[in-house]
Amino acid sequence: MRISNFQLLFLITMILGIILCISSSTWFGAWVGLELNLMSFIPFISTKMNQFSSEASLKYFLIQALSSATIILASSLLILFFYPSQALITIALLLKTGAAPFHFWFPQIMEGLMWPEALILMTVQKIAPMFLLTLLSNSSYLMLTSAILSATVGALGGMNQILLRSIMAFSSINHMGWMLSALLINEYLWIYYFLIYSIMTSSAILLFSLIKMNHLSQIINLKSTNPLLMILLSFILLSLGGLPPFLGFFPKWLIIQKLVEFNLPLILPFLIFSALGTLYYYLRIITPLLMIKSPKMLWLNIPAKMSTLNILLIFTNILGLFFTILIYSL
Numbered sequence: 019m020r021i022s023n024f025q026l027l028f029l030i031t032m033i034l035g036i037i038l039c040i041s042s043s044t045w046f047g048a049w050v051g052l053e054l055n056l057m058s059f060i061p062f063i064s065t066k067m068n069q070f071s072s073e074a075s076l077k078y079f080l081i082q083a084l085s086s087a088t089i090i091l092a093s094s095l096l097i098l099f100f101y102p103s104q105a106l107i108t109i110a111l112l113l114k115t116g117a118a119p120f121h122f123w124f125p126q127i128m129e130g131l132m133w134p135e136a137l138i139l140m141t142v143q144k145i146a147p148m149f150l151l152t153l154l155s156n157s158s159y160l161m162l163t164s165a166i167l168s169a170t171v172g173a174l175g176g177m178n179q180i181l182l183r184s185i186m187a188f189s190s191i192n193h194m195g196w197m198l199s200a201l202l203i204n205e206y207l208w209i210y211y212f213l214i215y216s217i218m219t220s221s222a223i224l225l226f227s228l229i230k231m232n233h234l235s236q237i238i239n240l241k242s243t244n245p246l247l248m249i250l251l252s253f254i255l256l257s258l259g260g261l262p263p264f265l266g267f268f269p270k271w272l273i274i275q276k277l278v279e280f281n282l283p284l285i286l287p288f289l290i291f292s293a294l295g296t297l298y299y300y301l302r303i304i305t306p307l308l309m310i311k312s313p314k315m316l317w318l319n320i321p322a323k324m325s326t327l328n329i330l331l332i333f334t335n336i337l338g339l340f341f342t343i344l345i346y347s348l
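If you count the sequence shown from 1, position 2 lands on 20 in the working numbering, and the numbers rise without skipping.
What follows is the structure in structure tokens.
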């Protein structure tokens with residue numbers, strides 16, 4: 019995908035908003051950073067002149083504006099020592115990330131975005147709210163509840179989806195449950211999980227964008243058109259599903275170990291069974307590639323310049339064991 023100068027400008031401004039939000043020492047400064055990030059992302063996703071992107075950008079603006087208004091109201095109440103305002107800020111930030119039970123907008127907006135914009139929504143746009151959530155240790159019960167609900171909703175919601183964007187949206191909600199669980203243990207452990215999640219998601223979306231795949235019914239054609247990409251896509255999806263020895267398994271394994279050490283067994287069954295749920299709907303995508311013969315041939319020209327990047331990303335997924343052991347030993 020070629021990025022125009024218009025999009026590049028707003029992408030830089032979006033990143034500056036995240037930096038301002040993370041580095042701010044006051045809630046007002048963090049709010050300004052969030053607003054700068056929001057106003058930069060809206061034109062970025064509405065550059066495609068079609069009904070779906072316009073609808074998605076409007077929905078995103080309304081949801082994020084509601085969240086930002088709640089943050090500025092709650093931060094003002096903090097000055098008056100109104101302690102429940104911390105819970106309001108937590109709810110507003112969970113709404114911004116698309117965590118359950120405030121996830122209702124996330125799959126709808128994902129369906130109206132192109133793959134590159136969807137990738138930004140699932141990764142970059144979560145950074146600032148997650149960093150702010152690390153400051154709200156008094157709202158741990160809210161985050162624990164959201165982690166359980168996100169893991170459960172993300173696993174169950176993706177089982178009956180046929181659009182790849184919807185599947186990736188519910189997968190992102192499920193991963194939010196794991197990241198919130200990591201945040202309850204350690205304020206930096208979620209960053210490690212987020213980095214690995216971003217690698218896996220970027221790998222999948224680069225392939226989906228490269229072969230112009232949007233629907234489950236298109237998967238079957240990949241077997242006859244490009245067997246190499248079929249294998250690479252299978253590796254990525256198994257990694258996203260958390261199957262060992264791929265990259266996605268080891269951060270989950272690490273979080274489970276830490277939850278046991280910190281005596282938080284309540285959340286463990288939900289996380290483990292949700293991991294099985296996400297693995298199920300990723301296997302649902304892979305099964306046609308491995309078991310069913312394509313009824314017709316559909317030839318696509320795969321740009322050679324993209325192949326190196328994709329193979330590098332897949333190679334990173336395959337070497338998850340060594341990468342995770344290295345990080346864990348530090």
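All C-beta atoms in this analysis are idealised placements derived from N, C-alpha and C, irrespective of residue type, glycine included.
Same chain, Cβ closer than 8 Å to residue i, five either side skipped, listed in chain order
{"i": "leucine 181", "result": "Glu129, Asn232, His233, Leu234"}
Reduced DSSP secondary structure (H/G/I, E/B, other) of residue i
{"i": "tryptophan 317", "result": "Note that tryptophan 317 has pLDDT 49, beneath the 50 cutoff, so the model's placement of it is unreliable and no number is given."}
{"i": "serine 22", "result": "coil"}
{"i": "glycine 195", "result": "helix"}
{"i": "leucine 131", "result": "coil"}
{"i": "threonine 305", "result": "helix"}
{"i": "threonine 296", "result": "helix"}
{"i": "threonine 141", "result": "coil"}
Same chain, Cβ closer than 6 Å to residue i, five either side skipped, listed in chain order
{"i": "leucine 96", "result": "Ser103"}
{"i": "leucine 113", "result": "Ser85, Phe120"}
{"i": "tryptophan 45", "result": "Ser93"}
{"i": "leucine 38", "result": "Gly51"}
{"i": "methionine 140", "result": "Ser190, Thr219"}
{"i": "proline 351", "result": "An answer regarding residue 351 cannot be provided, because it is not within the stretch 19 to 348 covered by the chain."}
{"i": "isoleucine 81", "result": "Trp123"}
{"i": "proline 147", "result": "Leu111, Lys114, Thr115"}
{"i": "serine 78", "result": "One point to set straight first is that residue 78 is tyrosine, not serine, in the sequence displayed. Once the five neighbours on either side are set aside, the close Cβ partners of tyrosine 78 are Ile127."}
{"i": "alanine 200", "result": "Leu207, Trp208, Tyr211, Ile273"}
{"i": "histidine 193", "result": "Tyr215"}
{"i": "glycine 175", "result": "Phe188"}
Identity of the residue in the options nearest residue i by Cα
{"i": "isoleucine 30", "options": "Ser220, Leu54, Ser216", "result": "Leu54"}
{"i": "alanine 110", "options": "Gln126, Trp49, Phe70, Ser71", "result": "Trp49"}
{"i": "leucine 202", "options": "Ala222, Phe226, Leu151, Thr170", "result": "Leu151"}
{"i": "serine 42", "options": "Leu240, Ile214, Pro125, Phe149", "result": "Phe149"}
{"i": "serine 58", "options": "Leu258, Leu106, Phe24, Pro283", "result": "Phe24"}
{"i": "serine 221", "options": "Leu240, Gly195, Phe188, Ser257", "result": "Ser257"}
{"i": "glycine 295", "options": "Leu261, Leu34, Leu240", "result": "Leu261"}
{"i": "leucine 224", "options": "Asn204, Glu205, Leu250", "result": "Leu250"}
Proximal residues to residue i (C-beta, below 7 Å), its chain only, five neighbours per side dropped
{"i": "leucine 198", "result": "Ala117, Met161, Ser164, Ala165, Ser168"}
{"i": "valine 171", "result": "Ala118, His121, Ile191"}
{"i": "proline 61", "result": "Phe28"}
{"i": "serine 75", "result": "Ile60, Ile63, Ser64"}
{"i": "tyrosine 298", "result": "Met177"}
May I have a chain-ordered list of the alpha helix (DSSP H) segments no shorter than 4 residues that lie completely inside the segment 149-184?
158-175
What are the complete alpha helix (DSSP H) segments, minimum 4 residues, inside the segment 257-293?
267-279
Which runs of the alpha helix (DSSP H) spanning at least 4 residues fall entirely within the segment 42-125, listed in chain order?
45-63, 69-97, 103-115
Validate contact between the segment 86-99 and the segment 133-146 using beta carbons, cut 8 Å, 3 pairs
no
Under 8 Å, with one C-beta from each stretch per pair, do the segment 152-167 and the segment 112-131 reach the 3-pair mark?
yes
Is the segment 258-269 close to the segment 206-222, with three or more CB pairs under 8 Å?
yes
For the segment 239-250 and the segment 271-290, state whether three or more C-beta atom pairs, one from each stretch, are separated by less than 8 Å.
no
Using 8 Å as the cut-off, can you tell me whether the segment 166-184 makes contact with the segment 147-155, which would need three or more C-beta pairs spanning the two stretches below that distance?
no
Counting only runs that start and end within the segment 199-255, where is the alpha helix (DSSP H) found for 4 or more residues in a row?
207-228, 237-243
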